[in-house]
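Numbering (the UniProt record's numbering), first residue to last: 1 to 1073. Only one structure is covered here, and it is reproduced in the block below.
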């Protein structure tokens, strides 16, 4: 009953005051009269109501217990506040008594209705009651607390609303009690009321900042001098100030920390913010006094350094933001706050020891709404700490961050258990490093050095993920690329050599342990099983080292826009030259005759180690050349020059030894050909490029003096002169050599328009180097038209990357007879180029070549049996051109070769397959003449489907399909025979490749006939359809099934067009007779 009466009175007070102010009485007089009217009605109501006896008793009891009630004050606002405070105390004590009784005598649940909800506690407020209580609290704070705050403490009433401005004028500070005492009484009552949970929610959700401001002023505001006329806290005792301090700290501990931090920031007068509603429309906060700013800074530092303090600070500033540009700036600002040690901290070491682990915890949030902002703050804070305070960041941030990798590395101790590094630890470590390094992307010396200490372990983990399905693969790869890209080039190159094993054996993990797959797609460090067999152990070691090199090359392949792969390649080439020279010196100078057994053993071990190092170096170079494109290894002219320098260095070493092996000779010729290509205008050279070529001068001079061949001496001397004069002096030998080495583009293209010529020359230079070894080089000087002029475009034609020299042009470099002779040469490149030259002659209609077609046919057939693909592919191309030129004569001869076989079964099979390739190319080239010339071919191909060798059967079917799709209506008489042959092969042949070819023939025939299928194959179409369905249902070969499905799709399209022809709107005009 008392509870209801109190709420009714509070509601009547609020309604009356709002009515008075809304009726136009917005002045201070209206406010004072409204307050006086309410006080009179309260006294009358409390004295007259018989049902309020208990309330009057409780009110008298409360008045007797407290001593701060002032009955003779002349300030009506304080009188009104006193009555409200007394009634709030009465309400709180009454609810406490009801709660105690409720807990002592809980209501038993009704057994008849067990599903019914339990009874509510008596202190639960309805929505209307909460609204009334909130209004009363607003009046209490507005009239009894805010007017007595010092300027700059909290938000002034004038900045909140018009009513607040009226209150400031209505409060009287010149009457008893004094302002500090009023502030203390109001604050104590609100704190006592908030001890009850049901009343604490409306108190703290709306008025926490005002209560904190009051407590700060009461507890920490410095005393004023005696002559100061302002209201100071000199009337408060030491005990009262101490109790206010305890109340403030208790309040800060139990309230949600982000809210506390927000209010402290407001009290500090920091960021000027504008808000709507009761906080005033866009007015800036008043500057806080010095003592308050210092106090708020200390309290904020305490909040920050407590457990979960960093998270509370971040939430306080970033909660509710939408992720725009301003929010990213807020994230950076918060990161700078976290990274800077506050002045109030006892020591920087204690601050960073508590904050750094919390910063790392911010990286582990999974909530999508907050994870991005938290990670941004953590990343920026970590990077700022690393840059500004590296000594603490390395100790408290980077070492804990990388500790799982440190624990996995070698030399961490012998007490590592089987599960010493859990899967979640490695996963979290890699993810955190990725966020800080790759996402943050702010490299520093300290961060790179910390990563360098664990880079071998990280690379071992990356190699493991490449062998297994793991979600860590991409993160490890990005971290390694980031580290190599941002490290200084000498450091990066040294790390690459270390990871390759060129600087010593390295496994990346502790001896006896290995990475194993985790249950959640990660990795775990486990004990390696011992291998008893020495051969198996050696094989595993060698294969592991090779796999590491392959993974490193794949990693370099991802660095497409970096010069690091090319520089590493050149460094390895230089090391190879140095190792070869050192090995030669050791073998020549050491005398083993006077050595003891121990010295001899050490010497032999050193030699074995040197050989092992050289083999490892060669292995890395071989894998790099095989796995990386030349455009990545040699991206710039300076890198090409470096490559050439290493080649010439090895050639000079060979000259000094007096050995002239074919490999070294080819290397020298290729290097000099590349230099000539660069100097002949294949790419536009700058002054820096010529300066880098200065490294070639001493090697070219040595070659010009020591090489045994006069032509090489002359070329080296001319190249040296051209480089020394920066192209001003251009001897005739330079463009000649460049012509021999230029196979990727026409030399007539002017310099400046050939940006891609350098890689092309690098790729194609391997063939000219081999050709020059022969006594009859392809481009002999006596056959050139003008050795000093640039050749014309038609002088050189490229086919498949091999130079073809036209012989029907007036500037032909070879006569027909010379080409015939070179086509029989033992040198493979010479023979292949000659065959292609003859092919070009026939294609261009050279008279002499056409007259000697029989000789060419015999020559091409003989070269079909050559084992080198460079030769027999050239012969196949020549035969195809001959068939296209003389179809009637040449086809009969080829059909005979295809049907007959030589005594040597293996050689005969290869030759027949090559002839079949010629016939297939001829079938493709027939076009509309296929019905005329194709009839003899069909019989031969059908006979070939019965050959005992499966390769011949498959080849015949492939040729049959290419021919049949071009026969159109001429296929009609052969449809039944063709269908019988194909269905029999599909259902009876044991070889999968033959069945695939048969099904593919059906698909090609359907594709070639298209809309004519129903007319040509009408009698056998059902049989072919059933054969295809049989393959789909019964054939075990997946490729054959796929071919059958494709053929069925072709047939489906044909039948749809036949059954549902396309409707065409045509306008017909008929002329009547």
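The beta-carbon is built from N, C-alpha and C at its ideal position, and this holds for glycine as well.
Residue state for residue 514 is assigned as strand, using DSSP reduced to three classes. Buried is the label assigned to residue 236, since at least 16 other Cβ atoms lie within 10 Å of its Cβ.
Where residue 839 is concerned, the enclosing alpha helix (DSSP H) starts and stops at 828-843.
Per the DSSP secondary-structure output, residue 523 pairs in a beta bridge with 517.
Under a 10 Å Cβ-count criterion, residue 829 is classified as buried, with 16 or more other Cβ atoms of the shown protein chains found around its own Cβ.
Taken in chain order, the complete alpha helix (DSSP H) segments of 4 residues or longer contained in the region 290-315 are 290-305. According to the DSSP assignment, residue 490 belongs to the alpha helix (DSSP H) that extends over 489-500. Apart from the 5 residues on each side of it in sequence, residue 853 sits with its Cβ closer than 7 Å to the Cβ of 882 and 886 in its chain, given in chain order. Taking a contact to require three or more Cβ pairs closer than 8 Å, the region 147-160 and the region 168-179 qualify as touching.
Pairwise C-beta distances place the region 444-461 in contact with the region 473-487, as three or more of them are shorter than 8 Å. Beta-carbon to beta-carbon, residue 176 and residue 84 are separated by about 19 Å, too far to satisfy the 8 Å threshold. In this structure, the CA atom of residue 430 is about 20 Å from the CA atom of residue 496. Residues 493 of the same chain have their beta carbon placed closer than 6 Å to that of residue 571, with the five preceding and five following residues left out of the count. Residue ranges of uninterrupted alpha helix (DSSP H) with 4 or more members, entirely inside the region 234-266 and ordered along the chain, are 238-254. In the three-state DSSP reduction, residue 1070 falls in the coil class, being neither helix nor strand. Taken through DSSP and simplified to helix, strand or coil, residue 1020 comes out as coil.
Rounded to whole angstroms, residue 287 and residue 211 show a C-alpha spacing of 19 Å. For residue 383, the closest C-alpha among the options 368, 369, 332 and 367 is that of 332. Residue 1069 counts as exposed, since fewer than 16 other C-beta atoms from the protein chains shown sit within 10 angstroms of its C-beta. Judged by beta-carbon spacing, residue 143 lies within the 8 Å limit of residue 77, meaning their Cβ atoms are closer than that value. One thing to note: residue 822 has its Cβ within 8 Å of the Cβ of residue 831.
Sequence-distant Cβ neighbours of residue 475 in its own chain, meaning closer than 7 Å and more than five residues away, are 430, 431 and 434.
Note that the C-beta distance between residue 1017 and residue 975 is below 8 Å. By the criterion of at least three beta-carbon pairs nearer than 8 Å, the region 395-412 is not in contact with the region 371-380. Straight-line spacing of the CA atoms in residue 349 and residue 428 works out to 25 Å. Residue 689 and residue 563 have their alpha carbons spaced roughly 16 Å apart.
CA-CA distance, residue 947 to residue 1040, rounds to 20 Å.
Comparing alpha carbon positions, the residue from 155, 577 and 66 closest to residue 645 is 577.
Taking 8 Å as the cut-off, the Cβ atoms of residue 549 and residue 500 count as close. Distance between residue 187 and residue 80, taken at the CA atoms: about 16 Å. Under the DSSP definition of a beta bridge, residue 1031 lacks any partner.
Per DSSP, residue 637 is one residue of the alpha helix (DSSP H) stretching across 637-657. The beta carbons of residue 931 and residue 967 sit about 6 Å from each other, so the pair counts as a contact at 8 Å. Our two residues, residue 695 and residue 652, have alpha carbons roughly 13 Å apart in a direct line.
By the Cβ criterion, the region 440-451 is in contact with the region 384-392, since at least three pairs of Cβ atoms, one from each stretch, lie closer than 8 Å.
Going by beta carbons, residue 137 and residue 182 fall outside the 8 Å limit.
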